[in-house]
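Numbering (full-length UniProt numbering), first residue to last: 1 to 216.
No residue lacks a Cβ here, since even glycine has one placed at the ideal position from N, Cα and C.
In what follows, a structure is listed as structure tokens, so that the remarks can point back to it.
Here's what the structure looks like:
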């Protein structure tokens, strides 16, 4: 089962034509303002979660009235709205195989880092290879050790490999800038690489790697 998740980042960095596209996609979940925005564009999520601290009383009432499953938690412990949404996605949709996340980038730097690093938390490790982040200029995927084939996405020029943990044996055999098997002890962004053709490959034997396809 595929779930689409909209969180409350700036609408200006959502993919072009996002709401028109979203209206024909199934299985939406809204986190905080993401739920309000979906309803405003005629899309009724199957689940809304968050502390809704940036929403008005009228918006909260609309969410509660129109969305069957609504979880409003002003305390929210020590997790973000994105993480809270994933917690309840796992609870209500245990067969989920992919979560596409929109609205998770483009605003505060601390929130951006939280949305990039949550896959390292034990609670959300199960989502590591199931989530993908999208905005107008980037897509971000996360990988466990293994051998992979990447397909160049339409409109994307650049390719980056980002070890998020100590990584062993990262090899880029057929990208524009090749890399022999290399170990990385600290997080680093191997940025501004590119595909040669429409496919590329990479492999590594330990750690967690984020892959970013992007355009200017």
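| Check | Outcome |
| --- | --- |
| Bridge partners of residue 28, per DSSP? | 4 |
| Where do the ends of the alpha helix (DSSP H) carrying residue 115 lie? | 109-117 |
| Based on DSSP bridge pairs, tell me the residues matched to residue 214. | 138, 158 |
| Please name the residue in 128, 207, 121, 155 whose C-alpha comes closest to that of residue 168. | 207 |
| So the candidates are 66, 62, 42, 213; which of them puts its Cα closest to the Cα of residue 157? | 213 |
| Tell me the start and end of each unbroken beta strand (DSSP E) in the region 61-86 that is at least 3 residues and wholly inside, in chain order. | 70-72 |
| Can residue 35 and residue 26 be called in contact, C-beta distance under 8 Å? | no |
| Given a threshold of 16 other Cβ atoms within 10 Å of its Cβ, counted over all protein chains shown, does residue 193 qualify as buried or as exposed? | buried |
| Could you check what DSSP says for residue 13 in three-state terms: helix, strand or coil? | helix |
| On the CB-based measure, 16 or more other CB atoms within 10 Å of its CB, does residue 110 come out buried or exposed? | exposed |
| Ends of the alpha helix (DSSP H) at residue 148? | It is not in any alpha helix (DSSP H) - residue 148 instead sits in the beta strand (DSSP E) that spans 146-151. |
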